[in-house]
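Just below is one structure, and these are the notes that go with it.
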Amino acid sequence: MFNDEITSVRVLTINCIRRLGESVQFTFEQLLIVLNTLEDSHSETRLATYSLLTESVLPSVKCLEYTIQYLIGTVMTRYPSDEEDIYSLMKGLGTHHPHLAELLLDKLLNLNPLFTPIEPHPSPPPYIALCVFLLNAAAVNRSLISLFPTYMEAHYELLSHQHPSHMPELHFQTS
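My numbering puts the sequence shown at residues 741 to 915.
And the structure:
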């Protein structure tokens, strides 16, 4: 049904699964099928899939990391017009997976404990998407804030003004 030739059938299938809510947990193989629908040229199929993923709980770090990398590496490149929808999805992923986000922090931000982190420019859409994910996860899992590199507070302030609907209210504790 996810691969049906008729767009309305695909969208209906995706919306039916979305209505099941958090009770649906995808295996990695099922997640690959869901993510494949994001390459659909019909925006309504992609929008339905974004909604499905926003409300889903991914069962492992592997699934979450693959989803994030797929979104910022493939979908944002192919469909830049979906940027705001992807930010909304990243907000939902962060809110639903705060403890898995903690496990991915170093990898997503390319942090190495042996080196001082290099501050990335806060304007590329893939980086904004990562920040939306991590900052929303930090709203639920407060321990993330203490693990963030020092520049993250400034990026949060900037992104809160640029993308207020995607940013949670956070209070960084400055020393």
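Heads up, the beta-carbon is just placed ideally off N, CA and C, and yes, glycines get one too.
Which of helix, strand or coil does DSSP assign to residue 938? Because the chain is modelled from 741 through 915, residue 938 falls outside the range shown and cannot be assessed.
If contact is defined by three or more beta carbon pairs under 8 Å, each pair taking one atom from either stretch, is the region 861–874 in contact with the region 817–830? With contact defined as three or more Cβ pairs closer than 8 Å, the region 817–830 and the region 861–874 are in contact.
Below 7 Å between beta carbons: does that hold for residue 908 and residue 876? yes
Cα separation between residue 745 and residue 812? Between residue 745 and residue 812, the C-alpha separation is close to 26 Å.
For residue 867 and residue 763, the rounded distance between their alpha carbons: 30 Å
For the region 764–782 against the region 791–800, do three or more pairs of beta-carbon atoms, one drawn from each stretch, fall closer than 8 Å, so that the two count as touching? yes
Start and end of the alpha helix (DSSP H) containing residue 754? 747–759
Could you pull the start and end residues of the alpha helix (DSSP H) that residue 895 belongs to? 892–902
May I ask you to report which of helix, strand or coil DSSP gives residue 837? coil
Quick check on DSSP: helix, strand or coil for residue 872? helix
Please tell me whether residue 803 has its Cβ less than 7 Å away from any Cβ of chain D. No chain D appears in the structure shown, which is made up of a single protein chain.
Is residue 754 closer than 7 Å to residue 789 when the C-beta atoms are compared? yes
Kindly indicate which three-state DSSP category residue 906 falls into: helix, strand or coil? helix
Among 906, 912, 894, nearest to residue 823 - alpha-carbon criterion: 906
Straight-line gap, residue 778 to residue 815 (C-alpha atoms, nearest Å): 7 Å
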